[in-house]
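A.B. asks: Numbering (our numbering), first residue to last: 17 to 244. No residue lacks a Cβ here, since even glycine has one placed at the ideal position from N, Cα and C. Quick caveat, the model's predicted, so the values are computed rather than measured.
1) If distances are taken between C-alpha atoms only, which option among 59, 201, 179 comes closest to residue 133?
2) Tell me which residues share the same chain as residue 227 and place their Cβ nearer than 6 Å to its Cβ, disregarding the 5 neighbours each side in the sequence.
3) Of the residues 157, 175, 158, 26, which one's Cα is nearest the Cα of residue 234?
4) Give the straight-line distance between the Cα atoms of residue 126 and residue 55, rounded to the nearest whole angstrom.
5) Which class does residue 242 belong to by DSSP, given the choice of helix, strand or coil?
6) Taking the alpha helix (DSSP H) that residue 29 falls in, what are its first and last residues?
7) Can you pull the DSSP bridge partners for residue 57?
8) Hey, out of 208, 193, 189, 195, whose CA is closest to residue 202's CA?
9) Of the residues 21, 111, 171, 205, which one's Cα is nearest the Cα of residue 230?
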């Protein structure tokens, strides 16, 4: 295959898409997120490359009469359409669920969005690709400033050690509910002595309830800490 100068423009598109990925990945890396500069760079470059292949890689099949007498028709969107769905597998690996807390959604969405930027630049839509990159970056930076701040529920973990009461979980749940403290989760650890247990209560604290008030409710050795 002879080298065509137009391929230099394709290389430029891939590099430009990679730069856009670096810009968004830089913000993610500064926040110690799962996907940083390298991941965003590779995703953007890969999406741009696949878009270029989808648009231009089949000209030889159509124009050079490789299939004599055949009416060859191609849908240039078929290859590109797989990017949007395929990138979902990569994003899913960045979403983590721990107890009742979900993390990684914004990073996964950013990976999906930056693949769209790569597709736009790969298709030659430079202005759209760069504009969306700036928009994504501004959204990541500004929305982290909590301009639309709302009160978040205070979620704490109450750990109670060496409980000998067999119905302690039920009694404690009723006691906390009377204080309008929601019990989100309870885990129980049985010790070697079958009658002794350690409890961990994941609590959602309403306004006006302090950690000290909760500790005063517990007759056993206990501690309270934020839910990670």
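C.D. replies: Taking the geometry as given:
1) 59
2) 240
3) 175
4) 11 Å
5) strand
6) 22-46
7) Paired residues: none, contrary to the question.
8) 189
9) 171
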